[in-house]
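Student:
Protein chains in written order, with my numbering: chain A, 155 to 267; chain B, 165 to 273.
(1) Relative to the C-alpha of residue 163 (chain A), which candidate in A:238, A:212, A:203, A:245 has its C-alpha closest?
(2) If residue 269 (chain B) and residue 180 (chain B) are in contact, beta carbons under 8 Å, what's the gap, nearest whole angstrom?
(3) With 7 Å as the C-beta to C-beta threshold (strictly closer), list the residues of the segment 256 to 268 of chain B near chain A in chain order.
(4) Touch check for the segment 198 to 216 of chain B and the segment 245 to 262 of chain B: three-plus C-beta pairs under 8 Å?
(5) Which value, in whole angstroms, describes the spacing of the CA atoms of residue 184 (chain A) and residue 228 (chain A)?
(6) Determine whether the beta carbon atoms of residue 267 (chain A) and residue 238 (chain A) lie at a separation below 8 Å.
(7) So is residue 246 (chain B) buried or exposed if we call it buried at 16+ other beta carbons inside 10 Å?
(8) Return helix, strand or coil for residue 239 (chain A), following the three-state DSSP convention.
(9) Buried or exposed for residue 178 (chain A), going by 16 or more other Cβ atoms inside 10 Å?
(10) So residue 167 (chain B) packs on residue 191 (chain B), CB below 8 Å; how close in whole Å?
(11) Under 8 Å between C-beta atoms, does residue 270 (chain B) make it to chain A?
(12) Assuming residue 248 (chain A) contacts residue 158 (chain A) under a Cβ cut-off of 8 Å, what Cβ separation, rounded to an integer in Å, is found between them?
(13) Using a C-beta cutoff of 8 Å, does residue 244 (chain A) count as contacting chain B?
(14) Mind checking which residues open and close the beta strand (DSSP E) that includes residue 229 (chain B)?
(15) Answer yes or no: do residue 165 (chain A) and residue 230 (chain A) have a C-beta to C-beta separation smaller than 8 Å?
(16) Once DSSP output is grouped into helix, strand and coil, what is the label at residue 221 (chain B)?
(17) If I measure Cβ to Cβ from residue 225 (chain A) and keep anything under 8 Å in the same chain, skipping five residues before and after, which residues do I get?
(18) Just to confirm, are residue 267 (chain B) and residue 249 (chain B) a CB contact at a threshold of 8 Å?
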């Protein structure tokens, strides 16, 4: 069975550019999570969706970040405009429910120059 | 106070050693607990769930102490391949999982 699929695996871009990260959750999972991981702050929850509806976006750092889940099999995390401090690994995860074990994608390694 | 706290380590142990990690959680309403493992430059992967009565999976034993609000992970007969970062996770009903920052284990020959 396919796991959580994220794209791209790596992204290097200049500050000010728009960045779009993509995620396909495991089929049948109804909860989807976006995380950011850095050495300093560890794994931070940015936003999560339940049945395609955003439930908690309190972790989204600022208005430059936005996330959508137009259907059960696709979600995007967008940063516009990007800044060097946004450089991190961004993970998408999905689960059968909010309190259930989460399955993570391979992550997107984002570098903003 | 952080919701899930772990000693970052690193824990450096020889092969064959027994090593234990503890983790504390601040929300007494937390109901689900897990240990995840993360290898360098990889995604976190579920290692095991933690049940109230304690549970074992091969060389790994997880314990939950609700009164003191801590979770432990015991690894017996450590292998080189156990070297990784171990993330403690807790949640309360209706919320997403809260991850600790992880404890780094290095097993050497």
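Glycine included, each C-beta is placed from N, C-alpha and C at the ideal position. Since the structure is predicted, the reported quantities are computational estimates derived from the model, not experimental observations.
Tutor: In this structure, then:
(1) A:245
(2) With 8 Å as the limit, residue 269 (chain B) and residue 180 (chain B) do not qualify as a contact, their Cβ atoms being about 14 Å apart.
(3) 257, 258, 259, 260, 261, 263, 265, 266
(4) yes
(5) 11 Å
(6) yes
(7) buried
(8) helix
(9) buried
(10) 6 Å
(11) no
(12) 5 Å
(13) no
(14) 224 to 229
(15) no
(16) strand
(17) 206
(18) yes
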